[in-house]
Every structure is written in structure tokens, then in C-alpha cells.
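Asker: One structure is given below, represented as C-alpha cells, and several questions about it will come after.
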Amino acid sequence: MELRAHIPPGPLAQKWDNHRFASGLVSPANRRKFKIIVVGTGLAGASAAATLAEQGYQVSAFCIQDSPRRAHSIAAQGGINAAKNYQNDGDSVLRLFHDTIKGGDFRSREANVYRLAQISNGIIDQCVAQGVPFAREYGGTLANRSFGGAQVSRTFYARGQTGQQLLFGAYGALSRQIKTGRLTMMTRREMLELVVIDGCARGIVTRNLINGDLENHPADAVILATGGYGNAYFLSTNARASNATAILRAWKAGAGFANPCFVQIHPTCIPAQGTYQSKLTLMSESLRNDGRIWIPKIVGDRRDPASIPENERDYYLEEKYPRFGNLVPQDVASRNTKEHCDAGKGVGETGLGVYLDFSSAIERDGAAVILKKYGNLLQMYEKITTRDPLQEPMMIAPAVHYTMGGMWVDYNLMTTIPGLFAIGECNFSDHGANRLGASALMQGLADGYFIIGTSIAHYLSTTPLDYVTPQHVGFLEAQMKCHDRTQRLLHNNNRITGKKVTVDTIHRELGRLLWEHCGITRNRIGLEQALTRLPDLREAFWSQVCVPGTGNELNQSLERAGRVADFLECAEIMVRDALTRVESCGCHLREESRTAEHEAKRDDDHYAHVSVWEYRGEEEPPIMHKEPLLFENINLSQRSYT
Amino acid sequence: MQTIDLTLQIWRQKNSDAPGDFETYTLKNISTAMSFLEMLDLLNENLTLQGQEPVAFDHDCREGICGMCGAMVNGIAHGPQSETTLCQLHMRHFNSGDTLVIEPFRSRAFPVKRDLVIDRSALDRIIQAGGYISINTGGAPEANTIAIPSPTAELAMDAAACIGCGACVASCPNGAAMLFTGARISQLSLLPQGQPERKERALAMVMAMDKEGFGNCSNERECEAVCPKAISIRHIARMNREYLSASFLGE
């Protein structure tokens, strides 16, 4: 596997310009001759599909839901960053670049991140023109708020529904292209196979989720915008249908999987209430601006929080990190919380939470001020838990939220398979080992609106491609694989004897295993244990899992089973990657790599690289390749918050 | 942990062409902290292990924003709690011994695909008719050249909060999609960016709505009552004004 990042020459600020000038073009009249497939219709997918159709290509977009408007980008609450410097507080493209690289703990590419910062401003212009109702100042100009990891106010927002509003903007653009006939929207379709012919990505096989038909879709280029793999942990803030199937198929077809172990764990989610829990709900991290995190000092103290006196409370973040207090970065907050819960100091029925207490802020500013700042979040919390955070402390817990790892892509966002591109969360490119708040929306839209068009034109203008039909042997073989797999998933159903388990039972177990050994803190022994237990779990899955119904109808159990089978394989790459990265960086702490103060210690001498995993067949373990990361414009510094 | 036992009468239908009917299930030991969909998960786990086919239902984000979930619970879209999607409805709002009748959102324009799963693509086609501002990527002016008074932006945001779940249609005695359509027309007609296409948009979207077989508003306000995002019927009034001025005043 050859990893050529194709970083353009020239000074950092000129690279994107140089690249666009050096890239090939397809003339407007010729674009209609090319067919592009976009898988996924979140911010990245919808914006890419709409933009390419506007440019004149024939585009087919696919989504798993009943409408492209439902992709999980919709759930993003906080906002979207841009280097507009509207607040005149010292922001600039260079500063956004700097913050993003540093926030990612120096594990992303300089050139990609700089381009992201350059493009950020155009995204806001585009979204405003589409009618996205961003928050405004009284004078009518756009409002901003501040977010973690930055000392400037550069986040644009639409109440707590920024993702929803940006997605509706992109969905509008997509809908407009559907009306023109240049864009074909295929809903309730799941990509089950990538078709590679003569070394190039030439289409996909999908399952029609309504009638079970396997459908062949040839194209000249395939763009994956299928999001992250956080649902491997079973419990996460992801939507239930979010899955890793598309990227896993691409991986098996020859695309490199970069930094699979980089998973973001968000510190402020509502704790799981019981074993039946199906997902976790995020509470915006902005709450830590006014809430104080604490636990009872005495292990097993079950008293009502109000009756625990001040001197018996452990404000562990304020104590340990006096400079930053409750506003330490997400990873530090999550890690300390988990350590205390593991030691039995957690609160709530399940012992998995800690208190986030607004009483000091209420005493200082009054309840009205707190309610105005966080009203919708406090209501949402009350709806789920029936507890009023103004009367008693909230309970929060860390939860899997975002995956920085994903398909390895070059500067063009092309994977190691020519003609296969990956955009948005499903690539690895911009967030390094940790993503800053309000940066995911920025990256998804940058990739879709402003980058992928250049890449597609360059690829199509420089690559000779033969015409392929849906009957090409490559498609027939891929379809056969899908068919066999479906039959394999269904075969236990007819078995009369032996143990039967449901898909969710195995998935929960996988989640627990990953959370325990490949979560916030990791060590060699735990990871090796996980690696030996995964094949057993896979074996249990294939021999015991019970999937009712047939393959030629709407069958949600079958859909879930297919996804969990892929999570089981995805988990193995994650664990293998975590095992080889013997350094603490970004979101995770490797216990073998700590400073004298027991804090995370990054190891730039040995790990300043992207780990890229190559699939070598069912019998062989995958191998890892390295793309070294060079920092020419930024000084590598160790993070310290104590 | 508190638990309840329920009797569930659920609409079962194999596919669009097959006839459907209610099946009765008894479900015990439901934790009151569960969400409604987690209760259905539990039922489905039991059915699966008993060798029966689980109940198909749509859902995705499970935090009330994607608009994918929804069913009629005892005749009310998304169940008895106001401003709440089905995924955010918790079992603590029910009592042990209750019987719940669960059926799909019903409307001529929403054919049932299986059990509680329906086809709402008619709503997408209304948007495709004109529910957007026609601007190509890259052609946008500097964002702050368009000043929008904060109250106007807030009003547009109230309308834009619609999640497209279809509860309004299912609750309307006329099967109207006017709250849905009105919300989008309203949002875009309030904003300066939406002015150039204002008339064509109103005409095209209303025409698409009629073509899909949705009914008309007769001010029952059922839609507003069940809307999980509290979208006001004022947006229907605004849509009607937009439509009337576009059709009578023309150019």
C-alpha cells in the first residue's frame, strides 16, 4: 500500500491555490457524461451531491433513512467554527489552523487543516445565502459564541440546533438538484459492497431496505460520506443506524483505514439508566462554563446530594487542575471522571455518573441567568431524567461521541483506491487525535461544498475509464458476496437446537469490551485481552445469533445483524491500532505513557505519524503502514493543564 | 427501579399490499425509565427469542431531532406528552395495567410499508418543488452584507425547527400537510434571502402539496397540538397569505 499524500508545494497559505491551479478540469459540457455516486446525505454527503450536480455531473445519492434530511449531522447542537473574526478579538485563518492542529494534539496534517481554516469563511457565506437562520445580534449581524479549545468567539450557531439547520440548507440544495433531474436520490438503501474494476472504484451494490433487492450501481467515481464508527461501542451519542459497513467494505476492497483507535469520548452526557438503554444523549459541553463537577468523598455515599456538606465533596477537577478547573479539555474531564467511577465513587443508580452542580452559579448570577443561557439543555435533561437541574445537581457521564479515525485520504480526499473518495467524519483528515467542538460541521461542509469538486474534476480528467455496465462481472461477483452474506446471517433462524441470542446481546457485549479496554484509558494487557476475546465474540455471533424473517423484505433485524457483524471486525482494527500506539495523545491515555504527574504524555519521537491499516484477507492479520507527519509551520508542544 | 406491565395492541402488516391487523402482546417488567422505543426494543427482543417476527418501526437519532420515529399511541401522534417525539416519551407516563394501541401514522399520502413503518417521501417532494433558495455553491455574498433583525431571525428559526416527522398530517382530520409546508414557506419568506423566489415558491409548494393527495386546513389545530417542536399554525396563516398574494397579485 503506497501512501502518497499529494501535499501541494509552496508556502502553507499558497498550497490550496497552487493545488487548484495544478488540478485538471472537466469542461461544463463534458460533465454530464460522468456519473458520481455519493453514499450518505449528512452535511458532507448532501453538500457534495448538490454541488457536483450543480456543476453538471450526473449524481446518485444514497441514504439509509427514509429521507436525506434525517442524517445524524442533524443532531449537532453547538455550532460551526469559522475564522471570520467578526468579533474583532484576534481571530484569523492562522489562528483557527493553529487551534485545530493543537486541539488534535499534533496528529493531523498541516496542509489539510490550513485549507480547512481557509475555507471556513466561505461556508458561513454559503449557508447564510441558503437561508440558514443563524443567531443574530440586535443590529442584524451574525452572532458568535465561544467554545472549548479556543480563546476567541468564532462559533456560529442556530440555537441548540445548528446541525439541523445546516443540514436543512444542504438538503434544500440537494432537493433543488433532484428537481433538475441531475441528481437521483435513492432513499432506504444500504451500501453493502464497493465494486473495484481494473484497480478503480466503479460503483456499489446496495440493498433496498424495503424489498431486500440487491442493486448494482455503476459510476465513474464513488464518494463515501457515511460518518463515524462510534456505534461499535453500542452505547454512544450516534444515531442507531450509524454504522461502519461502508468503510469496512472499502477497507476490504483495498482502502487504508487510518488511526482507527482515535475515538472521542465526550464528558457531558446523560448517564445510562439501565441495561436496556439504547443510546446516550449529549449535553453540550458549554455547561461546564457554569457547572462544578463533584463526587462525594466517601466511597458509596448514597446520601441526597443536598445533604452532603461542602467539606465532604470532592471537586476533583478544580482540585487537580487549579488553572483550568472544570474547563479542562474534554479528554481530561472524561478520563478523570471514569477513573473516579471505576473506583466506585460514581453517583446515581448505576454509579456511572458524577454531579454537575449549578448551585454556585445560581447563587452568583441568579437562576434566571442560568436558565437563559442553558434553558433548552436543562429542559431536555429534565425530560429524560425528571430531575430539575436548578434544584439539584445534574448527573453526567462520559460517552463515545465522534471518531477521528477513518478512511485514509490524500490531500484530494481520495483513498488508496483510485476513484474512491471519503469526506466528512468517515475520513481521518483534519482532527488528529481529538476534534474541537464546532469543527465537525465545518469539516463536513468544507469537504462537500468546496473541496470534493476540485478532486473529482482532477480525477476524471486524468484517469481513462472504460464504460462499465451493471452486468459487469465485478458487479455480479460483489452481488454474490452480498447474497451469501445475507444467507449466512439468516441461517441460524432455521436451526432448531442450540443456544440462540439476539443481535443486540452480542452488540452490547462488544460495546462493554471496547469501552473497558479500548476507551478513554488503555494499556497493553487490556488491549491484548480484548484482542483474544474478539474472535470468541465473533464466533458466538455467527453460531448463535438469531435473525428472524427473510432477505427479500423489510427486515430490520437483518440490517442490524449485518452492521454488528461489521462492527465486530472494525473493533479488531481499533484494538490493534490502539495496541501499536504506545503513547497518550488526544482523546486517549495510554497508561504506559504518562508524565511524572500521571498526566498524558505524547511521544513525538516515535508516534508522530498516521497509522494506516491494510486488509490482507481473512487468514492474514492486517498490517500497518505509517505516513509520517511533518510540522514545518507549528511548534510541537506538550499540553499541560495543571 | 420501578416497573410496569402493559398490554400492547400493535398494528402488524407484512408489506404495502398485504392486509394488516392488530396483534395483542403482554409485556411485563417495563422499567419506567425506559423510552417508548426502548420498550418496543424489549418487546422485539422477546419476540425474536420466541421465534416470532419483531415489530418494524422507524427510528434513528433517539433524541428527538431526526424526525424518523413516530406512531399513534392511543390515537395521539407521538403519544400523550406534548412537545415530545416518540423516542423522547418515557414509560413513566403510563400506569401498570394500561392497554396501549399502537399504529402507524395514517394518511392517504403515507402508505404503510410494514407494521409501523410508513413512506413519507411525499414531504420530500413538496420541498423539491421549491422549499429552498436557489443558490449554487460558491456564489454567495459575504455573510454580514445581509443584515437580518434578530426577532426576524428568531421567527424564521421557530419555523425552521420542523423535523418533518409527519405527526401533523396524521393528526389532521383532513390529512393536510399545511403545518409542514407552511413552516418551510414561512421560514424562507421571512428572510431577505428568500425574497426573489417568494411567489413561485409559495405557488409551487402548495401545488405539490395538493398533487400528493394531502387535504386542506380547516382550523382544527390538531397539528399544532401534536407537533413535537411546537410549530405554530400562524405559519399556516402566513403560507395562505403568501399563496393568495402570489396568485392574485401576480407580477
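Protein chains in written order, with numbering that gives the first Met the number 0: chain A, 0 to 641; chain B, 0 to 250.
Glycine is no exception: its CB is placed at the ideal position from the N, C-alpha and C atoms.
Taking just the CA atoms, how far does arginine 615 of chain A sit from glutamate 318 of chain A?
Answerer: Each residue's alpha carbon lies about 49 angstroms from the other.
Asker: Could you pull out every residue in the same chain whose Cβ sits closer than 6 angstroms to the Cβ of lysine 198 of chain B, ignoring the five residues on either side in sequence?
Answerer: Hits under 6 angstroms: Ala245.
Asker: Give me the residue from A:Glu391, A:Ser610 and A:Gly374 with the minimum Cα distance to serine 306 of chain A.
Answerer: Among A:Glu391, A:Ser610 and A:Gly374, the Cα nearest to that of serine 306 of chain A is on A:Glu391.
Asker: For isoleucine 123 of chain A and arginine 114 of chain A, what's the separation of their Cα atoms in angstroms?
Answerer: Their backbone Cα atoms lie some 15 angstroms apart in a straight line.
Asker: Among B:Ile117, B:Ala139, B:Ser120 and B:His89, whose alpha-carbon lies nearest the alpha-carbon of methionine 33 of chain B?
Answerer: It is B:His89 whose Cα lies nearest to the Cα of methionine 33 of chain B.
Asker: Just checking: is the beta-carbon of alanine 159 of chain B within a distance shorter than 7 angstroms of some beta-carbon in chain A?
Answerer: Yes, contact with chain A.
Asker: How close, in whole Å, do the beta carbons of alanine 224 of chain A and glycine 41 of chain A come, if the pair is a contact with beta carbons under 8 angstroms?
Answerer: The pair is a contact, with the Cβ atoms about 6 angstroms apart (cut-off 8 angstroms).
Asker: By the three-class DSSP mapping on this structure, what secondary structure does glutamate 613 of chain A have?
Answerer: Three-state result, glutamate 613 of chain A: strand.
Asker: Inspect the beta-carbon positions of alanine 128 of chain A and alanine 139 of chain B and report whether they are closer than 7 angstroms.
Answerer: Yes, the pair counts as a contact, with Cβ atoms nearer than the cut-off.
Asker: I'd like to know whether the C-beta of alanine 169 of chain B is nearer than 7 angstroms to at least one C-beta of chain A.
Answerer: Chain A contact via Cβ: absent.
Asker: Is any beta-carbon of chain B found at less than 7 angstroms from that of proline 132 of chain A?
Answerer: True, the Cβ-Cβ gap to chain B drops below 7 angstroms.
Asker: Give the residues from the segment 567 to 586 of chain A that approach chain B closer than 9 angstroms (Cβ to any Cβ), ordered along the chain.
Answerer: Hits within the stretch: zero.
Asker: Could you name the residues of the same chain whose beta carbon sits closer than 6 angstroms to that of tryptophan 612 of chain A, not counting the 5 residues immediately before and after it, in chain order?
Answerer: Same-chain partners within the cutoff: Phe256, Ile572, Pro621 and Met623.
Asker: Decide if leucine 248 of chain B is buried, meaning its Cβ has at least 16 other Cβ atoms within 10 Å, or exposed.
Answerer: Burial call: exposed.
Asker: With a threshold of 7 angstroms between beta-carbons, can cysteine 62 of chain A be considered close to chain B, or not?
Answerer: Output row for cysteine 62 of chain A: interface = no.
Asker: Give the DSSP bridge partners of tryptophan 10 of chain B, in chain order.
Answerer: In DSSP, tryptophan 10 of chain B forms a bridge with B:Phe21.
Asker: With DSSP as the reference, label glutamine 486 of chain A as helix, strand or coil.
Answerer: Three-state DSSP puts glutamine 486 of chain A in a helix.
Asker: Indicate the three-state DSSP secondary structure (helix, strand or coil) for valine 225 of chain B in the structure shown.
Answerer: Valine 225 of chain B: helix per DSSP, three-state reduction.
Asker: Buried or exposed, going by whether 16 or more other CB atoms sit within 10 Å of the CB of isoleucine 132 of chain B?
Answerer: Buried, by the Cβ-count rule.
Asker: Here's the rule: buried if 16 or more other CB atoms are within 10 angstroms of the residue's CB, otherwise exposed. What is serine 46 of chain A?
Answerer: With 16 or more Cβ atoms within 10 Å of its Cβ, serine 46 of chain A is classed as buried.
Asker: On the criterion of 16 or more Cβ atoms from any shown chain inside 10 Å, does phenylalanine 21 of chain B qualify as buried, or is it exposed?
Answerer: Classification for phenylalanine 21 of chain B: exposed.
Asker: Can you tell me which residues form a DSSP beta bridge with asparagine 143 of chain B?
Answerer: DSSP lists no partner for asparagine 143 of chain B.
Asker: Please give me, in chain order, every unbroken run of the alpha helix (DSSP H) with length at least 4 that falls completely inside the segment 22 to 109 of chain A.
Answerer: Runs of the alpha helix (DSSP H) inside the segment 22 to 109 of chain A: 27 to 30, 42 to 54 and 92 to 102.
Asker: Could you check what DSSP says for serine 152 of chain A in three-state terms: helix, strand or coil?
Answerer: Three-state DSSP puts serine 152 of chain A in coil, outside helix and strand.
Asker: Pairs of beta-carbons, one from the segment 208 to 218 of chain A and one from the segment 474 to 481 of chain A, closer than 8 angstroms: are there three or more?
Answerer: Yes, the segment 208 to 218 of chain A is in contact with the segment 474 to 481 of chain A.
Asker: Report yes if the C-beta distance between serine 188 of chain B and arginine 135 of chain A is below 7 angstroms; otherwise report no.
Answerer: No, Cβ-Cβ distance for serine 188 of chain B and arginine 135 of chain A is not below 7 angstroms.
Asker: Spell out the partners DSSP gives arginine 395 of chain A in its beta bridges.
Answerer: In the sequence on display, residue 395 of chain A carries isoleucine and not arginine. Paired residues: A:Val353.
Asker: Quick check on valine 298 of chain A: does DSSP put it in helix, strand or coil?
Answerer: Coil at valine 298 of chain A, not helix or strand.
Asker: At 3 residues or longer, what runs of the beta strand (DSSP E) sit wholly inside the segment 540 to 623 of chain A?
Answerer: Complete beta strand (DSSP E) runs here, min 3: 608 to 613.
Asker: So, does the CB of alanine 238 of chain A fall closer than 7 angstroms to a CB anywhere in chain B?
Answerer: It does: the Cβ of alanine 238 of chain A has a partner Cβ on chain B nearer than 7 angstroms.
Asker: Please confirm whether leucine 488 of chain A and alanine 560 of chain A have their CB atoms less than 7 angstroms apart.
Answerer: Yes, Cβ-Cβ distance for leucine 488 of chain A and alanine 560 of chain A is below 7 angstroms.
Asker: Given that a residue counts as buried once 16 or more other Cβ atoms are within 10 Å of its Cβ, and exposed if not, what is isoleucine 126 of chain B?
Answerer: Buried.
Asker: Which of the three DSSP states, helix, strand or coil, is assigned to threonine 136 of chain B?
Answerer: It is coil, neither helix nor strand.
Asker: Taking the CB atoms as reference points, tell me whether valine 112 of chain A and aspartate 313 of chain A lie closer together than 7 angstroms.
Answerer: Contact flag unset, no.
Asker: Going by C-alpha distance, which of A:Asn522, A:Leu93 and A:Val574 is nearest leucine 588 of chain A?
Answerer: The residue with the shortest Cα to Cα distance from leucine 588 of chain A is A:Asn522.
Asker: Indicate whether the contact test is met: 3 or more Cβ pairs, each with one atom in the segment 263 to 272 of chain A and one in the segment 441 to 459 of chain A, closer than 8 angstroms.
Answerer: No, the segment 263 to 272 of chain A is not in contact with the segment 441 to 459 of chain A.
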